[in-house]
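In the numbering used here, the protein residues as written are 2 to 426.
No residue lacks a Cβ here, since even glycine has one placed at the ideal position from N, Cα and C.
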């Protein structure tokens with residue numbers, strides 16, 4: 002894998018979220034897509050939201066790769082991704098999608114009933130709710146694991162579709178007495194969807210591999226983030242897919258040896274949506290400042306995000322799993338509201354420094370965070386900076402200290418919301 006973050010010589014580059022999501026992956030993808038021929042999503046569903054600002058237009062992507070904003074790229078959606086409305090909305094904003102979208106025939110279909118079940122499960126959990134976005138992601142992955150799911154490829158031959166669909170619903174009727182669903186209408190709706198999606202359905206495993214063999218460059222757009230990974234995240238307060246590097250291989254059907262570079266996207270502070278442990282969370286006016294100045298409200302749900310200081314202990318953990326070649330540090334401009342900043346760099350539990358990230362949530366809830374305090378650059382607008390040297394001295398020190406604490410070069414620095422508000426080191 003590359004070590005300096007230079008994508009010019011890389012054939013296959015992966016961009017992954019390094020915290021609990023909402024790090025600003027879409028901004029980096031938008032910057033990099035001009036270097037690539039294919040931009041691919043490999044996992045997740047509509048619970049993921051990428052926002053890209055171009056001029057006075059704000060584009061919000063959920064299932065479609067945000068790389069579609071590069072008019073020469075092809076968008077591939079792998080079998081981890083669980084879209085017609087989003088395609089139409091994107092076209093209405095002036096983005097041409099004709100012959101530019103490929104959907105894996107192995108991608109699993111998420112139905113409206115999955116969303117209904119998602120809500121019913123949250124109610125059932127009561128005080129132990131996970132804080133799901135209620136987009137139906139968990140129930141869809143449950144159908145996949147139970148082998149009762151329908152896939153995009155099933156739309157090509159509709160003969161068995163109604164039978165399998167009704168079989169999938171049977172278990173929900175048994176479990177929830179209040180469950181009610183118009184099966185006939187849904188089957189009819191998907192019969193019409195099948196006609197529209199037919200030209201987009203592709204065997205993406207061979208498509209991606211053949212593209213790389215032919216010398217085309219592929220950019221993989223990760224969804225959600227490492228600490229929301231079903232295996233390595235803060236379980237059970239996670240999503241239902243693999244958001245770490247392994248999900249790229251299983252979602253697109255590519256071997257690890259094909260991956261040239263992994264870029265981890267890190268917000269200059271930490272946020273999280275929904276329930277679950279969050280050691281550096283701020284419950285004071287500083288947390289509110291981050292929330293308001295950073296516009297920390299979800300692209301998918303509109304929910305306010307919980308905010309806290311940057312936590313490099315978790316970044317070292319996610320780096321150990323993903324193996325970052327470089328890092329993109331986003332939203333550094335938001336930190337301009339503070340005269341001093343804190344970085345959490347270690348966890349102590351009952352007086353003992355931890356040398357691993359615990360899976361036991363009770364331990365995570367009980368840790369004491371060791372902080373380093375750095376001087377800020379309060380009141381200085383950094384959004385016009387385009388070189389590292391143009392940043393205030395204390396902002397440079399903050400970036401360099403982050404780099405030292407995680408042992409990975411900070412190659413990209415986001416300094417504002419607009420498309421071009423980014424520094425390349």
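Residue 372 - DSSP class collapsed to helix/strand/coil: As a position in the chain shown, residue 372 is number 371, starting the count at 1. Strand at residue 372.
What are the start and end residues of each continuous beta strand (DSSP E) run of 3 or more residues lying completely inside the stretch 194 to 255, in chain order? Counting whole runs of 3 or more residues, the stretch 194 to 255 contains the beta strand (DSSP E) stretches 219 to 222.
Whole-angstrom Cβ separation of residue 353 and residue 372, contact assumed at under 8 angstroms? The residue labelled residue 353 in the question sits at position 352 within the chain shown. The residue labelled residue 372 in the question sits at position 371 within the chain shown. Incorrect: roughly 17 angstroms between the Cβ atoms, too far for contact.
Just verifying my parser: in three-state terms, what is the DSSP assignment at residue 297? Start at 1 with the first residue of the chain shown, and residue 297 comes out as number 296. Residue state for residue 297 is assigned as coil, using DSSP reduced to three classes.
Hey, is the stretch 314 to 322 in contact with the stretch 372 to 385, meaning 3+ C-beta pairs nearer than 8 angstroms? The stretch 314 to 322, when compared against the stretch 372 to 385, does not touch it at the 8 angstroms Cβ threshold.
Contacting residues, own chain, Cβ-Cβ under 7 angstroms from residue 279 (five flanking each side not counted): By one-based count along the chain shown, residue 279 stands at place 278. The residues are 273, 307 and 309.
Given residue 241, which residues of its chain have a CB within under 7 angstroms of its CB, disregarding the five upstream and five downstream residues? In the chain shown, counting from the first residue as 1, residue 241 sits at position 240. Cβ within range, chain order: 138, 139, 142 and 231.
Return the residue from the list 206, 115 and 160 that minimises the CA-CA distance to residue 171. The sequence position of residue 171 within the chain shown is 170, counting from 1. Closest option to residue 171, Cα to Cα, is 115.
Let me confirm a value: residue 13 is counted as buried when at least 16 other C-beta atoms fall within 10 Å, else exposed. Which label applies? Along the chain shown, one-based indexing puts residue 13 at 12. So residue 13 counts as buried.
Could you please give me the residues that DSSP links to residue 312 through a beta bridge? As a working mapping, residue 312 is identified with position 311 in the chain shown. DSSP lists 345 as partners of residue 312.
Would DSSP call residue 260 helix, strand or coil? Residue numbering aside, residue 260 sits at position 259 when the chain shown is read from its first letter. Secondary structure at residue 260: coil, using DSSP grouped into helix, strand and coil.
Integer Cβ distance of residue 266 from residue 425, believed to fall under 8 angstroms: Translated into the one-based positions of the chain shown, residue 266 becomes position 265. Translated into the one-based positions of the chain shown, residue 425 becomes position 424. Rounded to the nearest angstrom, the Cβ distance from residue 266 to residue 425 is 14 angstroms, too far for a contact under 8 angstroms.
Can you give the Cα-Cα distance for residue 106 and residue 196, rounded to whole angstroms? Indexing the chain shown from 1 puts residue 106 at position 105. Indexing the chain shown from 1 puts residue 196 at position 195. As the crow flies, the alpha-carbon of residue 106 is around 14 angstroms from that of residue 196.
Could you check which residue in 383, 34 and 290 has the C-alpha nearest to that of residue 423? The residue you call residue 423 lines up with position 422 of the chain shown. The candidate whose alpha carbon is nearest that of residue 423 is 383.
Between the C-alpha atoms of residue 324 and residue 420, what's the straight-line distance to the nearest angstrom? Counted from its first residue, the chain shown places residue 324 at position 323. Counted from its first residue, the chain shown places residue 420 at position 419. If you take the alpha carbons of residue 324 and residue 420, they lie about 27 angstroms apart.
Limits of the alpha helix (DSSP H) - the one that residue 116 falls within: One-based indexing of the chain shown puts residue 116 at position 115. 113 to 126 is the extent of the alpha helix (DSSP H) around residue 116.
By how many angstroms is the C-alpha of residue 386 removed from the C-alpha of residue 392? Here residue 392 is taken as the residue at index 391 of the chain shown, counted from 1. Here residue 386 is taken as the residue at index 385 of the chain shown, counted from 1. Roughly 6 angstroms separates the two Cα atoms.
Pop quiz: residue 223 and residue 18 are said to be a contact at Cβ under 8 angstroms. What is the actual Cβ separation, rounded to whole angstroms? In the chain shown, the residue the question calls residue 223 occupies position 222. In the chain shown, the residue the question calls residue 18 occupies position 17. Right, their Cβ atoms sit about 6 angstroms apart.
So, using beta-carbon positions, are residue 410 and residue 321 closer together than 9 angstroms? Numbered from 1 along the chain shown, position 409 holds the residue referred to as residue 410. Numbered from 1 along the chain shown, position 320 holds the residue referred to as residue 321. If you check the CB distance, residue 410 and residue 321 do not come in under 9 angstroms.
Secondary structure of residue 412, DSSP reduced to three states: The residue given as residue 412 occupies position 411 in the chain shown. Strand, per DSSP.
Inter-residue Cα distance where the pair is residue 3 and residue 406: On the chain shown, position 2 is the one that residue 3 refers to. On the chain shown, position 405 is the one that residue 406 refers to. Legend: pLDDT at residue 3 = 41, less than 50; position of this residue unreliable, value from coordinates given subsequently. Computed Cα separation, rounded: 20 angstroms.
Taking DSSP as the reference, what is the three-state secondary structure of residue 425? In the chain shown, residue 425 corresponds to position 424, counting from 1. For residue 425, the three-state secondary structure derived from DSSP is strand.
Verify whether the separation of the beta carbon atoms of residue 110 and residue 191 is less than 9 angstroms. The residue given as residue 110 occupies position 109 in the chain shown. The residue given as residue 191 occupies position 190 in the chain shown. It is a contact, given that the beta carbons lie within the stated cut-off.
Does the stretch 332 to 351 come into contact with the stretch 278 to 294, if we say contact requires no fewer than three beta-carbon pairs (one atom in each stretch) closer than 8 angstroms? Put simply, the stretch 332 to 351 touches the stretch 278 to 294. At least three CB pairs are less than 8 angstroms apart.
Opening and closing residue of the beta strand (DSSP E) in which residue 102 lies: Translated into positions along the chain shown, residue 102 becomes position 101. In the DSSP annotation of this structure, the continuous segment of the beta strand (DSSP E) that includes residue 102 starts and ends at 102 to 105.
Local Cβ density within 10 Å of residue 225, reported as buried at 16 or more and exposed below that: Your numbering for residue 225 matches position 224 in the chain shown. Buried, since its Cβ has 16 or more Cβ neighbours within 10 Å.
Could you name the residues that DSSP lists as bridge partners for residue 328? Position 327 of the chain shown holds residue 328. Residue 328 is bridged by DSSP to 265 and 411.
In this structure, how does DSSP classify residue 388 when only helix, strand and coil are distinguished? The residue given as residue 388 occupies position 387 in the chain shown. Residue 388 falls in the coil class under three-state DSSP.
Please report the straight-line C-alpha distance between residue 311 and residue 257, rounded to a whole angstrom. Here residue 311 refers to the residue found at position 310 when the chain shown is read from its first residue. Here residue 257 refers to the residue found at position 256 when the chain shown is read from its first residue. Looking at the two C-alpha atoms, the distance is approximately 30 angstroms.
Using the Cβ count rule (16 or more neighbours within 10 Å means buried), how would you classify residue 366? Locating residue 366 in the chain shown gives position 365, counting from the first residue. Here residue 366 is exposed, its C-beta having fewer than 16 other C-beta atoms within 10 Å.
According to DSSP, simplified to helix, strand and coil, what is residue 80? As a working note, residue 80 is residue 79 in the chain shown. In this predicted model, residue 80 has a pLDDT of only 47, less than 50, meaning its place in the structure is not dependable; the value taken from the coordinates is given anyway. Note: residue 80 maps to strand in three-state DSSP.
Report buried or exposed for residue 331, applying the criterion of at least 16 other Cβ atoms within 10 angstroms of its Cβ. Mapped onto the chain shown, residue 331 falls at position 330. Buried is the label assigned to residue 331, since at least 16 other Cβ atoms lie within 10 Å of its Cβ.
List the endpoints of the continuous beta strand (DSSP E) containing residue 15. Counted from its first residue, the chain shown places residue 15 at position 14. 13 to 18 is the extent of the beta strand (DSSP E) around residue 15.
Proximal residues to residue 135 (C-beta, below 7 angstroms), its chain only, five neighbours per side dropped: For the purposes of this step, residue 135 is identified with residue 134 of the chain shown, where counting begins at 1. The answer, listed in chain order, is 116, 119, 120 and 123.
Anticipated Cβ contact below 8 angstroms, residue 153 with residue 202, distance rounded: What you label residue 153 is simply residue 152 of the chain shown in a count that begins at 1. What you label residue 202 is simply residue 201 of the chain shown in a count that begins at 1. Yes, residue 153 and residue 202 are in contact; Cβ-Cβ is about 6 angstroms, under 8 angstroms.
Collapsed DSSP secondary structure at residue 283 in the structure displayed: In the chain shown, the residue the question calls residue 283 occupies position 282. Coil at residue 283, not helix or strand.
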